[in-house]
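Every letter in the sequence shown is one number past the one before it in UniProt numbering, and letter 11, counting from 1, is 11.
We treat Cβ as the ideally placed atom computed from N, Cα and C, and that holds for glycine.
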Amino acid sequence: MPPALLVALPLFPPPFPSPPSLRLARSRRRWSFALPDIMNPPPALSYLVPAAGKSHYGLPGEPFESRLLFAAEVAAFAHRGQTRKNRQAAPYINHPLNVAGILLREVGLLEDGDASRRPAHEDAILAGILHDVVEDTDFTLDHIRLYFGDSVAKVVDEATSNTALSKSDRKLDQITSGPMKSYPGRLVKLADKVSNLRDLLLDQPRTWSAERVLAYFAWSHAVCAGMRGTHPRLDALLDDIWQSTITLEGREFRCFDPETAERLRNIGIYGFTDEGDRAAAMADRAQGN
Numbered sequence: 001m002p003p004a005l006l007v008a009l010p011l012f013p014p015p016f017p018s019p020p021s022l023r024l025a026r027s028r029r030r031w032s033f034a035l036p037d038i039m040n041p042p043p044a045l046s047y048l049v050p051a052a053g054k055s056h057y058g059l060p061g062e063p064f065e066s067r068l069l070f071a072a073e074v075a076a077f078a079h080r081g082q083t084r085k086n087r088q089a090a091p092y093i094n095h096p097l098n099v100a101g102i103l104l105r106e107v108g109l110l111e112d113g114d115a116s117r118r119p120a121h122e123d124a125i126l127a128g129i130l131h132d133v134v135e136d137t138d139f140t141l142d143h144i145r146l147y148f149g150d151s152v153a154k155v156v157d158e159a160t161s162n163t164a165l166s167k168s169d170r171k172l173d174q175i176t177s178g179p180m181k182s183y184p185g186r187l188v189k190l191a192d193k194v195s196n197l198r199d200l201l202l203d204q205p206r207t208w209s210a211e212r213v214l215a216y217f218a219w220s221h222a223v224c225a226g227m228r229g230t231h232p233r234l235d236a237l238l239d240d241i242w243q244s245t246i247t248l249e250g251r252e253f254r255c256f257d258p259e260t261a262e263r264l265r266n267i268g269i270y271g272f273t274d275e276g277d278r279a280a281a282m283a284d285r286a287q288g289n
């Protein structure tokens, strides 16, 4: 059995005891294995699953540090083998860890003096680590709910795109749904955008033209505009990005320019039309995604 699976076996709880095997991973290799007894894990797994009758490490009531580490373990396994679309093909897990780091270190959510907001802030940080697990891996909201509680699962659900929609409709949905998200849901979404935009500033996908990069910034600005005011530090981090410059194809551009954004929106280049959707899909296929 591959070593990575030793970390993962207890992550598949009831109500799934009957199937003889589960296929995991989104990578080209998929492993099948017998489902273990979750309450009596092998010794090598006992650090992940406490003795029967005790609260799970990720659930409310456990120390936040314990919940945070367990979320990182879950996300690291769920995203195993996945990479970012940048030239470096960085491990995907770097991104959700960075989202949580932004909320912890740069926004300082746990330094907030308002104790009544502490539960929402903890949920946001945990969901920041887990925000792509349901959308991009075989894990489900049921897994998140069982191991981290209803409130974290709700925030992860808010961060999960509706894959039944076309790519262009998903992009539009992110703009229209942002203001309706819960407070922790907006925190995660904005930190996710900060992380993605910083990555794009430093290292663009090889197949992306300058126009497509600028279109991503323009669309991201539209997504974030509806959530402005959620947290002043996130507003400041995003303002720094919009005012930055980026060099593409030998030319320097502002990351966000209203006139350029309007032109790109009108021609559908950032996914508001079927033509924009098809263009994005063709670029992704050329990249092998």
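- Among the residues of its own chain, which have a CB less than 7 Å from the CB of P91, if the five just before and after it don't count? As a first step, residue 91 must be located in the sequence shown, where it is residue number 91. Result list for P91: T83, in chain order.
- Item | Extent of the continuous beta strand (DSSP E) to which L248 belongs | Along the sequence shown, one-based indexing puts residue 248 at 248. Per DSSP, L248 is one residue of the beta strand (DSSP E) stretching across 245–248.
- Query: What's the call for A225, buried or exposed, on a 16-neighbour Cβ count within 10 Å?
  - Reply: One-based indexing of the sequence shown puts residue 225 at position 225. The residue is exposed, with fewer than 16 neighbouring Cβ atoms inside 10 Å.
- Three-state class that DSSP yields for P258 in the structure shown: Position 258 of the sequence shown, counting from 1, holds the residue named residue 258. The answer is helix: DSSP assigns P258 an H, G or I state.
- Please name the residue in M180, A164, F256, T245 whose C-alpha comes closest to that of A215. Mapped onto the sequence shown, residue 215 falls at position 215. A215 has its Cα closest to that of F256, out of M180, A164, F256, T245.
- Query: Which residue or residues does DSSP assign as beta-bridge partners of T83?
  - Reply: Counted from its first residue, the sequence shown places residue 83 at position 83. Per DSSP, P91.
- Query: Of the residues D173, L201, Q204, L202, which one's Cα is nearest the Cα of L189?
  - Reply: Taking the sequence shown and counting its residues from 1, the one referred to as residue 189 is at position 189. In the sequence on display, residue 189 carries Lys and not Leu. The residue with the shortest Cα to Cα distance from K189 is D173.
- Using the C-alpha atoms, what's the distance from S168 back to residue 297? Past the edges of the chain, shown from 1 to 289, lies residue 297, and the structure says nothing about it.
- Message: What does the alpha-carbon distance come out to for the pair H79 and E73?
- Response: Against the sequence shown, residue 79 aligns to sequence position 79. Against the sequence shown, residue 73 aligns to sequence position 73. Taking the straight line joining both Cα atoms gives about 10 Å.
- Query: What did DSSP end up calling R206 once you bin it into helix, strand or coil?
  - Reply: Position 206 of the sequence shown, counted from the first residue, corresponds to residue 206. Reduced to three states, the DSSP call for R206 is coil.
- Under 7 Å between the Cβ atoms of G58 and F70? Within the sequence shown, the letter at position 58 stands for residue 58. Within the sequence shown, the letter at position 70 stands for residue 70. Cβ atoms of G58 and F70: closer than 7 Å.
- Task: Give every residue of the same chain whose Cβ lies closer than 7 Å to the Cβ of E122, excluding the five residues on either side of it in the sequence, and list them in chain order.
- Result: As a working mapping, residue 122 is identified with position 122 in the sequence shown. For E122, the CB contacts under 7 Å within the same chain, skipping 5 residues up- and downstream, are F64 in chain order.
- Task: Take A8 and list the residues in its own chain whose beta-carbon comes closer than 6 Å to its own, dropping the five residues that flank it on each side.
- Result: To locate residue 8, count along the sequence shown from 1; it is residue 8. With a pLDDT of 41 at A8, under the threshold of 50, the modelled position of that residue is not reliable, and the figure given next carries that caveat. Cβ neighbours of A8 within its own chain (closer than 6 Å, five residues either side excluded): F77.
- Which residues does DSSP pair with R251 in a beta bridge? Residue numbering aside, residue 251 sits at position 251 when the sequence shown is read from its first letter. Bridge partners of R251: L248.
- In whole angstroms, what separates the C-alpha of H221 from that of W242? What you label residue 221 is simply residue 221 of the sequence shown in a count that begins at 1. What you label residue 242 is simply residue 242 of the sequence shown in a count that begins at 1. Using only the alpha carbons, I get a separation of about 8 Å.
- Item | C-alpha gap between E259 and G61, whole angstroms | The count along the sequence shown starts at 1 and reaches residue 259 at position 259. The count along the sequence shown starts at 1 and reaches residue 61 at position 61. Cα-Cα distance, rounded: 50 Å.
- Proximal residues to L110 (C-beta, below 7 Å), its chain only, five neighbours per side dropped: Taking the sequence shown and counting its residues from 1, one reaches residue 110 at position 110. Counting only Cβ-Cβ distances below 7 Å, and skipping sequence neighbours, we find L104, H121.
- Query: For P119, which of helix, strand or coil comes out of DSSP?
  - Reply: Stepping through the sequence shown from its first residue, residue 119 is reached at position 119. Here DSSP, grouped into helix, strand and coil, assigns P119 to helix.
- Task: Below 8 Å CB to CB, which residues in the same chain sit around R87 once its five sequence neighbours on both sides are set aside?
- Result: Counted from its first residue, the sequence shown places residue 87 at position 87. Around R87: D203, Q204, P205, R206.
- Query: Does DSSP classify A179 as helix, strand or coil?
  - Reply: Position 179 of the sequence shown, counted from the start, is the residue given in the question as residue 179. The sequence shown places Pro at residue 179, not Ala. Looking at P179 - three-state DSSP - the assignment turns out to be helix.
- Do R186 and V107 come within 7 Å of each other at the CB atom, strictly closer than that value? Here the question's residue 107 lines up with position 107 in the sequence shown. Here the question's residue 186 lines up with position 186 in the sequence shown. It is not a contact, given that the beta carbons lie outside the stated cut-off.
- Should T163 go down as buried or exposed, given a rule of 16 or more other Cβ atoms within 10 Å for buried? Residue numbering aside, residue 163 sits at position 163 when the sequence shown is read from its first letter. Per the 10 Å Cβ criterion, exposed.
- Could you tell me the distance, in whole angstroms, from the CA atom of P184 to the CA atom of G113? Counting from 1 along the sequence shown, the entry for residue 184 is found at position 184. Counting from 1 along the sequence shown, the entry for residue 113 is found at position 113. Straight-line Cα distance between these residues: approximately 17 Å.
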